[in-house]
Every structure is written in C-alpha cells, then in structure tokens.
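There are 2 protein chains.
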Amino acid sequence: ESKFAVIGLGRFGMAIAQTLSQRGAQVLAIDNREEKVEEIKDEVAYAVCLDSTDAKALKAQNIKDMDAVVVAIGENFEALLLTTVLLKELEVKRIVVRASGKHQVQILEKLGIEEILSPENRVGIAIAEQLLNPSIVTSLQLPDNYEIVEIKTPKELTNRTLTEIGLRAKYNLNLITLKREFQIKKNGVMDTETHILGVPSSETVLYDSDTIIVFGKSKDIERFIEINQ
Amino acid sequence: ESKFAVIGLGRFGMAIAQTLSQRGAQVLAIDNREEKVEEIKDEVAYAVCLDSTDAKALKAQNIKDMDAVVVAIGENFEALLLTTVLLKELEVKRIVVRASGKHQVQILEKLGIEEILSPENRVGIAIAEQLLNPSIVTSLQLPDNYEIVEIKTPKELTNRTLTEIGLRAKYNLNLITLKREFQIKKNGVMDTETHILGVPSSETVLYDSDTIIVFGKSKDIERFIEINQ
Ligand SMILES: Nc1ncnc2c1ncn2[C@@H]1O[C@H](COP(=O)(O)OP(=O)(O)OP(=O)(O)O)[C@@H](O)[C@H]1O
Ligand SMILES: Nc1ncnc2c1ncn2[C@@H]1O[C@H](COP(=O)(O)OP(=O)(O)OP(=O)(O)O)[C@@H](O)[C@H]1O
Numbered sequence: 003e004s005k006f007a008v009i010g011l012g013r014f015g016m017a018i019a020q021t022l023s024q025r026g027a028q029v030l031a032i033d034n035r036e037e038k039v040e041e042i043k044d045e046v047a048y049a050v051c052l053d054s055t056d057a058k059a060l061k062a063q064n065i066k067d068m069d070a071v072v073v074a075i076g077e078n079f080e081a082l083l084l085t086t087v088l089l090k091e092l093e094v095k096r097i098v099v100r101a102s103g104k105h106q107v108q109i110l111e112k113l114g115i116e117e118i119l120s121p122e123n124r125v126g127i128a129i130a131e132q133l134l135n136p137s138i139v140t141s142l143q144l145p146d147n148y149e150i151v152e153i154k155t156p157k158e159l160t161n162r163t164l165t166e167i168g169l170r171a172k173y174n175l176n177l178i179t180l181k182r183e184f185q186i187k188k189n190g191v192m193d194t195e196t197h198i199l200g201v202p203s204s205e206t207v208l209y210d211s212d213t214i215i216v217f218g219k220s221k222d223i224e225r226f227i228e229i230n231q
Numbered sequence: 003e004s005k006f007a008v009i010g011l012g013r014f015g016m017a018i019a020q021t022l023s024q025r026g027a028q029v030l031a032i033d034n035r036e037e038k039v040e041e042i043k044d045e046v047a048y049a050v051c052l053d054s055t056d057a058k059a060l061k062a063q064n065i066k067d068m069d070a071v072v073v074a075i076g077e078n079f080e081a082l083l084l085t086t087v088l089l090k091e092l093e094v095k096r097i098v099v100r101a102s103g104k105h106q107v108q109i110l111e112k113l114g115i116e117e118i119l120s121p122e123n124r125v126g127i128a129i130a131e132q133l134l135n136p137s138i139v140t141s142l143q144l145p146d147n148y149e150i151v152e153i154k155t156p157k158e159l160t161n162r163t164l165t166e167i168g169l170r171a172k173y174n175l176n177l178i179t180l181k182r183e184f185q186i187k188k189n190g191v192m193d194t195e196t197h198i199l200g201v202p203s204s205e206t207v208l209y210d211s212d213t214i215i216v217f218g219k220s221k222d223i224e225r226f227i228e229i230n231q
C-alpha cells in the first residue's frame, strides 16, 4: 500500500488528498489551520495540524517514510520554499511542489525539484485552446507540435463513413477512437449517456453528436476543422 | 478575430487572458482591483477596472458582443454568481464559469450554465493518478473506463520491438505514438530534447528513456504495467 503526505489543504491539496484516499492509498493530510484538518479527518488515514516549516514537527510524523510528499501551499511562497528545503534534507523519496508563475518555478528548479505543478496555468492554457477553437473539446499537447484532441464532428462530415472522410489519406490524422451519445430511457425519463466505441471499423458512420479523438500535428488538425466547418 | 472577456485576474484568469492574447485573440481583461488591471494592461487589447456585479458597468463594455466570457472569480462565490446571472440576462453567446466544490457546480448547473471548470480538481485528480502509478506520466480520462496514457517504458521491455511486445495482441492496448529523448550538443554542452516518432512501425525498438502513448481500458493499462515492472 502506497503512503503519501499532502501539505496544505486548499482547493488543490484537498482534491489530491481526497482522490488518493478514495483510490485506496494511505494519506497523511497536513495543514496549519485546525478547521482544514477537521474538514478532511474522516476521509483520510491521518490528519494532523502542524506548521510544515517546523522541522521537528515534520520529523515526528515520519515524513521520510512516505512514497511521495505533495506541497500544495498557495499564497505563502516562503512557507512553501522552507517546507520544500526541509523535505529535501529529510531525503524524502519523491517531492511534488506547487508553484505559480515562472519565477517560483525557476527557484524550485534551482533547488533540484523535478516535479513542479501549476494547476491554474495548466488548466488556463487548456481552456484558452478550447475557447479559440470551439470544436475542440479537450487536448493533450505533445512535443514537435503534435497533439491528441477531441473534436466535435464537423457539420460537413455527418452521416459519412470513416473511409469516405479519409482522415489519414486526406488530412494526415490518425483516429484513436469515437465518443457517441446514446438516448436511454431510465425510470421513464429520457437521459443521455456517452460511450466509447473502442477501435471503430472503417465502415463506421459519423453522427452529428459524435466526438472523434485523433492524433496528429496541430496545423493538420486546424486545417481539418477549417475545411469541414 | 475572436473576442473574449475574462473577469477576475487571479492565477487562473491571468493564465487564460495571457494565453488567449498570445494566440492572437482580442481580450478584454476585467478585475475590481486596480493593481491586477495594471499588471495585465500591456499584454491584452483592453484592461478595465470595474466591479462585475454592476450591470451598468458591464453593459458599458459591450460585453454581449463577446464570442465568450470567462468568469474566473475565486473566493467570493456571491460575486461569481451575480456576475454569471447578469451575463445570462445580457444574452452573452458563451459563458465559462469557474467553481470549486460540488455545491457550487450544482448551483451553476441549475442556472443553466453548461461550461463549468474546477482547475484545482482537474489537476488534483491528474496528480493523484500520477502518484499512484509512477510509470504513468499523464492521462486523459474517457467514458467507459477508457483512457489515453503516457507510460514510461517498463524495465522488462527495453530493447524489444513493438511486434515482440504485442501491445494489441497480448494486452488489448493500441499504440498511438512514441516519445523519445535525444542527446544533442548545443554550444558544446550536452542537452536533452524530446521528440515524437509520428506513427512508429512495428519494427521500432523501445529504449529505456522512451515513453509510449497508448489507448485502452484502465484495467488493461494497469495489468500491462504490473506484468512488466
Ligand atoms: N506553514 C504551513 N504549514 C501547513 N499548512 C500551511 C502552511 N502555510 C499555509 N498552509 C495551508 O496551505 C493551504 C493552501 O494555501 P493557501 O490558502 O495559501 O493557497 P490557495 O492558493 O488559496 O490554495 P488553493 O488554490 O489550493 O485553494 C491553506 O489551507 C493553508 O492553511
Ligand atoms: N466583483 C468582482 N469584479 C471583478 N473582479 C473581481 C470581483 N470579485 C473578485 N474579483 C477578482 O477576481 C480575482 C480572483 O479572485 P480570488 O482572488 O477571489 O480568487 P483566487 O481563488 O485567489 O484566484 P486564483 O486561484 O485564480 O489565484 C481577483 O483578482 C479579484 O480581484
């Protein structure tokens, strides 16, 4: 059973601690505000109120035995930094630290921290992508301007088979899978469920409520969307 | 040229406004704190200091002509809610609203808001996945327990070809692409660059620093990682 500690129980730390615990991991949740510790104590194995910049208090929690420690402190960068330095001195196996803005990331990199996260930035960029290109539902950016995107079926392509559309031949795109909405009657009320069609055959016909998930270069994806709007 | 407004310039709103502007969109950035407006004014088309719960002030900015408006206010849920109600009354085409926690999401859904985002939750869940499964680099969750994941090449599989590994035949997984690290000499100093190998052939050999990107069911992905640790 893996053991994790999460320091700082704001929205970000809380989400990590709760998800890890729900997936069966042993979680030690730490915050210097009593009401945060009270809020989470029934959902995790251990919840402790302490100031993570206090080395003796951290040691007393056997923090170095954790498989990983997440530092999710937000506004107070000094406390975040000091906590991170203490964890490195205690030789914790894996440290994941939150940062906001380029300067904070640079300082943490200089300290030898490899796993740095900026939740706001990561989602901020993803949302901007979706706003700029309304037919893109989500995207996973990859090196060399490749990406994996979920695209709402363009109007021009509804009721056509995948062979007729020719994703690879005409647009240099690779289909991964298809998401389709089904109307289901539950307790007499119509409801919508979304399902994945595994690896679709080339004879599959696209419906207007489908979403296709493709892999390819960003400029090929943009061209595909523009031509078939 | 698309036109967007971003209301609330905390870490989340700032990241969205900056990314949209860098990608060439026209952005109107709004906050009720003067110093936030000062901070962003050189990076966006327009930056205005106003209280977004003031209907007259919002109307004066021609906010209903925007292609989309993002409400990124954080701590003050009342202001977030009132702003959202005003935008719906002004019949803005597309409204994207931030929420933290299930209750806020439920209230916004009752108001007919379709695009609701929780940056901390979204990243919190992704981080928990990566902590629980150290060989998973990133993952895109899909319906029916399918997912697309980046997996570090398991030790057992280095120096073997994709045919020998038999992703589809033995594990029911579909390879999308491969990420490979290359050592490059720049100005006399060794540096690492990561590249995508497009759609690899079945004779491609996996190196220990490669990352494979696959599509399949979560339980098949977990089985693949466990067997080849
Ligand atoms: N020295 C410390 N020791 C332990 N916990 C701390 C310390 N300093 C701050 N925290 C806790 O870290 C949590 C997150 O920090 P903070 O509220 O500053 O960030 P935030 O940006 O509002 O968080 P989020 O965006 O995740 O909601 C808070 O609950 C706070 O009590
Ligand atoms: N009525 C309002 N009109 C305009 N701006 C507002 C209003 N209320 C709050 N804001 C602004 O919204 C921004 C984000 O809100 P807040 O600081 O409460 O959230 P936060 O959770 O700290 O943000 P983040 O996590 O994005 O850093 C702030 O810059 C704040 O000034």
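Chains as they are written, first to last, in this note's numbering: chain U, 3 to 231; chain S, 3 to 231.
Idealized CB from N, CA, C, for every residue including glycine.
Every value quoted in this text rests on a predicted model; they were computed, and no experiment measured them.
Start-end ranges of the alpha helix (DSSP H) lying completely within the stretch 23-103 of chain S, minimum 4 residues: Along the stretch 23-103 of chain S, the alpha helix (DSSP H) occurs as fully enclosed runs of 4 or more residues at 36-42, 57-62, 79-91, listed in sequence order.
Using DSSP with H/G/I as helix, E/B as strand and the rest coil, what is residue 149 (chain S)? In the structure shown, the three-state DSSP call for residue 149 (chain S) is strand.
Nearest to residue 193 (chain S) (by Cα), restricted to the options S:73, S:184, S:200, S:83: S:184
Would DSSP call residue 218 (chain U) helix, strand or coil? strand
Report the residues of the stretch 122-138 of chain U with a CB closer than 7 Å to any CB of chain S, ordered along the chain. 122, 123, 124, 125, 126, 127, 129, 130, 133, 134
Grouping DSSP H, G and I as helix and E and B as strand, with all else coil, what is residue 196 (chain S)? DSSP places residue 196 (chain S) in strand when its eight states are reduced to three.
Report all residues from its chain with a CB closer than 8 Å to the CB of residue 23 (chain S); omit the five preceding and five following residues, and keep chain order. 29, 45, 46, 47
According to DSSP, simplified to helix, strand and coil, what is residue 134 (chain S)? helix
For residue 184 (chain U), write down the residues that DSSP places opposite it in a beta bridge. U:195
Within a Cβ cutoff of 8 Å, which residues of the same chain sit near residue 227 (chain S), ignoring the five residues on either side of it in sequence? 135, 137, 138, 153, 156
Is there a C-beta anywhere in chain S that falls below 8 Å from the one on residue 33 (chain U)? no
Just to confirm, are residue 85 (chain U) and residue 55 (chain U) a CB contact at a threshold of 8 Å? yes
Select from U:219, U:12, U:68, U:18 the residue whose C-alpha is nearest the C-alpha of residue 3 (chain U). U:68
Measure from the C-beta of residue 83 (chain S) to each C-beta in chain U and report whether the shortest distance is under 8 Å. no
Since residue 181 (chain S) meets chain U, which of its residues come closer than 8 Å, beta carbon to beta carbon? 144, 145
Going by beta carbon distance, what residues of the same chain come within less than 6 Å of residue 195 (chain S), once the five residues before and after it are set aside? Hits under 6 Å: 184, 186.
Using DSSP with H/G/I as helix, E/B as strand and the rest coil, what is residue 228 (chain S)? helix
Please return the same chain residues whose Cβ sits closer than 8 Å to the Cβ of residue 199 (chain U), not counting the five positions on each side in sequence. 179, 180, 181, 182, 206
Minimum Cβ-Cβ distance from residue 9 (chain S) to chain U less than 8 Å: For residue 9 (chain S), the answer is no, since every Cβ of chain U falls outside 8 Å of its Cβ.
With a Cβ-Cβ cutoff of 8 Å, do residue 121 (chain S) and residue 121 (chain U) count as a contact? yes
Using a beta-carbon distance cut-off of less than 7 Å, what residues from the stretch 20-54 of chain U approach chain S? Listed by position, the residues of the stretch 20-54 of chain U near chain S (Cβ gap below 7 Å) are 21, 22, 25, 27.
From S:11, S:20, S:12, residue whose alpha carbon lies closest to that of residue 133 (chain U): S:20
From residue 6 (chain S) to residue 72 (chain S), what does the alpha carbon distance come to, in whole angstroms? 8 Å
Sequence-distant residues of the same chain with beta carbon closer than 6 Å to residue 109 (chain U), five excluded per side: Correct list: empty, nothing qualifies.
Within 7 Å of chain U by C-beta, residues of the stretch 166-195 of chain S in sequence order: 176, 178, 179, 181
At a cut-off of 7 Å, is residue 123 (chain S) close to ligand 1 when judged by its beta-carbon and the heavy atoms of the ligand? Checking every heavy atom of ligand 1 against the Cβ of residue 123 (chain S), none is found closer than 7 Å.
Please tell me whether residue 70 (chain U) has its Cβ less than 8 Å away from any Cβ of chain S. yes
Boundaries (first-last residue) of the beta strand (DSSP E) holding residue 208 (chain S): Here residue 208 (chain S) belongs to no beta strand (DSSP E), and DSSP marks it neither H nor E.
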